[in-house]
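Peer 1:
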DNA sequence: CGTCCACGTCTAC
DNA sequence: TAGACCTGGACGG
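Residue numbers (the numbering used here): 7 to 425.
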């Protein structure tokens, strides 16, 4: 659950689940984790969370004790400790009973209850990490969701930086300026403004003001009126109803946070809400190609002038399996189309200590990402989404010829924006 | 069975 | 600017 919204939802989840809960003892780390041990022990402590961009900070706060002496003597903490987490591609928090520990639980906090419960940092791929006594990672910019003003200023006042020499879609993943934006958000944001992904970031951003003039205005759609006088563009073309690019970097992620109001609960939610919200990322009929870093960029229409020369669209087909196990919003399907599999896991097998001497590395080298990038440069350079080439040239965002059908293979309707 | 793909950083040539 | 770091699901043969 990796982008800004998911990290924030994770912090909400922790605060909600741990409110009033007392934890005790030391913090346990899985055998396989390479992240640092957490040197914290307390007879009674509480846990709260906060998020900033793509990081979550847990604060462990020891509760007051009547006998400070004992506490100190026992090596107990008497001061709060912050632990800063990054989620990698698959991290999330989960609060369960002790016998329901999720697989891949790599850091655990135990409650003081009789049958105790456990707050786990779960991370299947282990790309995530944490730092005890940590602080927000230096170098990461202001949060796109909750530090909007400074986020804007940071971008606008640094447009001369080389980071903006790149295509806008790649600049958007630079956490020094867009802390919280990830692969699905960049696609959704650029799609809404009809900005070709591979146009220079600087050209798209220059002219934007460090202040968001729309901030206090109602997001009303007075399109007709505005469009007419748009001829004398005061600055760039500011999408009347939605705001400029920087504003969408703020509002689009917040839409995810506010979605359904169900909040973060890996057990109850259904992924379909999030899936239905996506307008571009992984949506049938959209195009996709790999950017200069090998990341898949989803978009519609013109890719823009800075397209990687070799880039080819990844297997655009068959990929959008409806029921995949994504959980960006940390909402997992309840028990939907699950092929009835007696899921009564009682004994969760813990990580298998893989101390394998990494031999298969060589064998895989040829099939790794490297190959992926190079191997596909053939096949005409047309960055078209395969069969997606249905009419729809230029920005004729007018009446879409219902090209790629309205029905996706996942049964989802490809909503045609409302712009 | 093997290949490709995934919400992201990190760090070595 | 390539890999490296990981697990696992979908799909192809």
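Cβ atoms here follow ideal geometry from the backbone N, Cα and C, with glycine treated the same way.
(1) Can you check which of these residues, 249, 137, 281 and 289, is closest to residue 127 by C-alpha distance?
(2) Expressed to the nearest angstrom, what Euclidean distance is found between the alpha-carbon atoms of residue 125 and residue 87?
(3) Residue 259 and residue 95 look like a contact to me (Cβ under 8 Å); what is the Cβ gap, rounded to whole Å?
(4) For residue 93 versus residue 134, is the C-beta distance shorter than 8 Å?
(5) Leaving aside the five residues before and after residue 14 along the sequence, list all residues of the same chain whose C-beta is less than 7 Å from its C-beta, in chain order.
(6) According to the Cβ coordinates, are residue 53 and residue 29 closer than 8 Å?
(7) What are the partner residues of residue 100, as DSSP defines its beta bridges?
(8) Just to confirm the assignment: which complete beta strand (DSSP E) runs, minimum length 3, are found wholly within the stretch 14 to 46?
(9) Sort 115, 32 and 20 by Cα distance to residue 48 and report the nearest one.
(10) Under a three-way DSSP split, which group does residue 152 fall into?
(11) What would DSSP say about residue 142, mapped onto helix, strand or coil?
(12) When you compare only the Cα positions, how much space is there between residue 18 and residue 46?
(13) Starting from the C-beta of residue 27, find all residues in its chain whose C-beta is less than 6 Å away, skip the five residues before and the five after it, and write them out in chain order.
(14) Give the range of the alpha helix (DSSP H) segment to which residue 195 is assigned.
(15) Using only the alpha-carbon positions, how far apart do residue 180 and residue 287 sit?
(16) Would you mind working out which of 295, 193, 279 and 217 sits nearest residue 315, comparing C-alpha positions?
(17) Check this for me: beta carbons of residue 158 and residue 207, under 8 Å apart or not?
(18) Just verifying my parser: in three-state terms, what is the DSSP assignment at residue 64?
(19) I need the boundaries of the beta strand (DSSP E) containing residue 90, first residue and last residue.
(20) Identify which residue in 298, 289, 183 and 132 has its Cα closest to the Cα of residue 37.
(21) By the three-class DSSP mapping on this structure, what secondary structure does residue 106 have?
(22) Helix, strand or coil, according to DSSP, for residue 208 in the structure here?
(23) With DSSP as the reference, please indicate the residues paired to residue 302 in a beta bridge.
(24) Classify residue 285 as helix, strand or coil using the three-state DSSP reduction.
(25) In chain order, what residues of the same chain have a beta carbon less than 6 Å from the beta carbon of residue 41, not counting five sequence neighbours either side?
(26) How would you write the range of the beta strand (DSSP E) that residue 113 sits in, first residue to last?
(27) Could you check how far apart the C-beta atoms of residue 192 and residue 178 are, in whole angstroms? I think they sit under 8 Å.
(28) Is the CB-CB distance between residue 21 and residue 55 below 8 Å?
(29) From this set, 81, 292, 184 and 312, which residue's C-alpha is nearest residue 9's C-alpha?
(30) Where does residue 265 fall in DSSP's three states?
(31) Using the rule of at least 16 other Cβ atoms within 10 Å of the residue's Cβ for burial, across every protein chain shown, is residue 189 buried or exposed?
(32) Could you check where the alpha helix (DSSP H) with residue 220 kicks off and where it finishes?
(33) With residue 177 as the anchor, note down where its alpha helix (DSSP H) starts and where it stops.
(34) Which residues does DSSP pair with residue 2 in a beta bridge?
(35) I think residue 187 touches residue 122, with their Cβ atoms under 8 Å apart; what is that distance to the nearest whole Å?
(36) Just to check my reading of the structure: residue 113 and residue 63 have Cβ atoms closer than 8 Å, yes? What is that Cβ distance to the nearest angstrom?
Peer 2: The short version:
(1) Position 121 of the first chain, counted from the first residue, corresponds to residue 127. Considering only alpha carbons, the answer is 137.
(2) Position 119 of the first chain holds residue 125. Position 81 of the first chain holds residue 87. Approximately 16 Å between the Cα atoms of the pair.
(3) Counted from its first residue, the first chain places residue 259 at position 253. Counted from its first residue, the first chain places residue 95 at position 89. Contact doesn't hold; Cβ gap of about 18 Å is too wide.
(4) Locating residue 93 in the first chain gives position 87, where the first residue counts as 1. Locating residue 134 in the first chain gives position 128, where the first residue counts as 1. Cβ distance < 8 Å, so residue 93 and residue 134 count as in contact.
(5) In the first chain, counting from the first residue as 1, residue 14 sits at position 8. Hits under 7 Å: 57, 151 and 263.
(6) Within the first chain, the letter at position 47 stands for residue 53. Within the first chain, the letter at position 23 stands for residue 29. Closer than 8 Å, so yes.
(7) One-based indexing of the first chain puts residue 100 at position 94. Residue 100 pairs with 126.
(8) Counting only runs of 3 or more, we get 29 to 32.
(9) Within the first chain, numbered from 1, the residue matching residue 48 stands at position 42. The shortest Cα separation from residue 48 among 115, 32 and 20 belongs to 32.
(10) Position 146 of the first chain, counted from the start, is the residue given in the question as residue 152. In this structure, residue 152 counts as coil in the three-state DSSP scheme.
(11) As a working mapping, residue 142 is identified with position 136 in the first chain. Residue state, collapsed to three classes: coil.
(12) Here residue 18 is taken as the residue at index 12 of the first chain, counted from 1. Here residue 46 is taken as the residue at index 40 of the first chain, counted from 1. Approximately 23 Å between the Cα atoms of the pair.
(13) Against the first chain, residue 27 aligns to sequence position 21. Non-local C-beta neighbours of residue 27 in its own chain, meaning closer than 6 Å and more than five positions away in sequence, comprise 117, ordered along the chain.
(14) Sequence index remark: in the first chain, residue 195 carries index 189 (1-based). From DSSP, the alpha helix (DSSP H) with residue 195 extends over 189 to 199.
(15) Here the question's residue 180 lines up with position 174 in the first chain. Here the question's residue 287 lines up with position 281 in the first chain. In a straight line, the C-alpha of residue 180 is about 19 Å away from that of residue 287.
(16) Against the first chain, residue 315 aligns to sequence position 309. Cα-wise, what sits closest to residue 315 is 295.
(17) In the first chain, counting from the first residue as 1, residue 158 sits at position 152. In the first chain, counting from the first residue as 1, residue 207 sits at position 201. Against a cut-off of 8 Å, the Cβ pair of residue 207 and residue 158 comes out as no contact.
(18) Mapped onto the first chain, residue 64 falls at position 58. Strand.
(19) Here the question's residue 90 lines up with position 84 in the first chain. Element bounds for residue 90: 87 to 92.
(20) The residue you call residue 37 lines up with position 31 of the first chain. The candidate whose alpha carbon is nearest that of residue 37 is 132.
(21) If you number the first chain from 1, residue 106 lands on position 100. Correct three-state label for residue 106: helix.
(22) By one-based count along the first chain, residue 208 stands at place 202. In this structure, residue 208 counts as helix in the three-state DSSP scheme.
(23) Here residue 302 refers to the residue found at position 296 when the first chain is read from its first residue. DSSP output for residue 302 lists 296 as bridge partner(s).
(24) For the purposes of this step, residue 285 is taken as the residue at position 279 of the first chain. The answer is coil: DSSP assigns residue 285 none of H, G, I, E or B.
(25) The sequence position of residue 41 within the first chain is 35, counting from 1. Here the set comprises 135 and 136.
(26) Taking the first chain and counting its residues from 1, one reaches residue 113 at position 107. Taken as a continuous stretch (DSSP letters only), the beta strand (DSSP E) holding residue 113 covers 111 to 116.
(27) The count along the first chain starts at 1 and reaches residue 192 at position 186. The count along the first chain starts at 1 and reaches residue 178 at position 172. 4 Å between Cβ atoms; contact.
(28) Here residue 21 corresponds to residue number 15 of the first chain, with the count starting at 1. Here residue 55 corresponds to residue number 49 of the first chain, with the count starting at 1. In contact: residue 21 and residue 55 (Cβ atoms closer than 8 Å).
(29) Within the first chain, the letter at position 3 stands for residue 9. Cα-wise, what sits closest to residue 9 is 184.
(30) On the first chain, position 259 is the one that residue 265 refers to. Residue 265: helix per DSSP, three-state reduction.
(31) Looking up residue 189 in the first chain gives position 183. When all chains shown are included, residue 189 counts as buried.
(32) Residue 220 sits at position 214 when you count from the first residue of the first chain. From DSSP, residue 220 is part of no alpha helix (DSSP H); its letter is neither H nor E.
(33) For the purposes of this step, residue 177 is taken as residue 171 along the first chain, with counting starting at 1. Residues 174 to 177.
(34) The displayed coordinates of the chain run from 7 to 425. Any statement about residue 2 would go beyond what the structure contains.
(35) As a position in the first chain, residue 187 is number 181, starting the count at 1. As a position in the first chain, residue 122 is number 116, starting the count at 1. So it is not a contact: roughly 38 Å between Cβ atoms.
(36) Against the first chain, residue 113 aligns to sequence position 107. Against the first chain, residue 63 aligns to sequence position 57. Contact flag wrong, Cβ pair sits at about 14 Å.
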